[in-house]
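Sequential numbering from 2 applies to the sequence shown in this note's numbering. Each residue gets a CB set at the ideal place from its N, CA and C atoms; glycine is no exception.
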Amino acid sequence: MVQAIQASKVTLGELRQHFGLSEAENPQFFTEWLAIDSQLSEADAAEVSRVRGNFKYLLEEPPLLEEAVKMVVLARLLDLAAFYQPPFRIRPELGIEISSPAEDGAIVRGNIDVLVILGQLWVLAIEAKMTTFALNVALPQALSYMLSSPGAIAFGLLTNGAEFAFVKLSKEEKNQFAVSRTFSLYAPGNELAAVLKILRHLGQQIAQTSGRSQPSENL
2 MVQAIQASKV TLGELRQHFG LSEAENPQFF TEWLAIDSQL SEADAAEVSR
52 VRGNFKYLLE EPPLLEEAVK MVVLARLLDL AAFYQPPFRI RPELGIEISS
102 PAEDGAIVRG NIDVLVILGQ LWVLAIEAKM TTFALNVALP QALSYMLSSP
152 GAIAFGLLTN GAEFAFVKLS KEEKNQFAVS RTFSLYAPGN ELAAVLKILR
202 HLGQQIAQTS GRSQPSENL
């Protein structure tokens, strides 16, 4: 089984060098986040709107505290996706510390919290004041964890509380990955609804491949 190198310091270049990892060029490589035609129930749509409303309310009184964002947005999203219920099991992984120079010369520090669901879906939550870090900060770390998973296919969700992006890794023929577009709570409408539908779709897939039964999606 492929072992992950030290996740806290890994770069895409190192993953390319040590694991032959490359970004997939075939647009059909990662379609799981695209073909989601089902609709949310009225109750779920209302809950998603409530989550976005809660997030916007937090913005009214800066600084935007990372723990509050995680509780209000990510925890509720995983709940709506039914990841706290059978057949899913969530376990935490060791967190990662990150840092970046600010405009005034100070060092902005943050953390990446890591959760893994059934060993196939990795959730990386970037924690920093005012969502300082872009999602690409967590991409090498996500891929290093996903390379260590035993299955041939793994998925990831990157979030800083306000933005979300999905990742797919395949080890079937060669190590390849692709990233979805970014979904934002700042965008018009409510892109959190799309994030929830994709999470449920991926949850159904990993439940099937893990050999565990899952109730039908309530979409």
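- Less than 9 Å separates the beta-carbon of K198 from that of I37.
- At a Cβ-Cβ threshold of 9 Å, L59 and F89 do not count as neighbours.
- Classified as exposed, A153 has fewer than 16 neighbouring CB atoms from the shown chains inside 10 Å of its CB.
- Per DSSP, the continuous beta strand (DSSP E) segment holding G157 begins and ends at I154 to T160.
- Annotated three-state conformation of S50 is helix, per DSSP.
- Taking all protein chains in view, the Cβ of D80 is surrounded by fewer than 16 other Cβ atoms within 10 Å, so the residue is classified as exposed.
- Taking 9 Å as the cut-off, the beta carbon of A179 is found no closer than this to the beta carbon of V196.
- When DSSP states are grouped into helix, strand and coil, D114 belongs to the strand group.
- Relative to the Cα of F20, the nearest Cα in the group P28, V11, F31 and V73 belongs to V11.
- Per the coordinates, the alpha-carbon of E48 lies some 11 Å from the alpha-carbon of V74.
- Comparing alpha-carbon positions, the option among L136, A82 and G162 lying closest to A69 turns out to be G162.
- Excluding sequence positions up to five before and after K172, its CB lies within less than 6 Å of the CB of A153, all in the same chain and listed in chain order.
- Closest in alpha carbon position to N55, among Y187, L203 and S39, is Y187.
- Excluding five sequence positions before and after Q121, the CB atoms of its chain that fall closer than 8 Å to its own CB belong to S150, G152, I154, A155, F156, I207, T210 and S211, given in chain order.
- Beta-bridge partners of E164 (DSSP): S185.
- The beta-bridge partner set that DSSP reports for W123 consists of V117 and G157.
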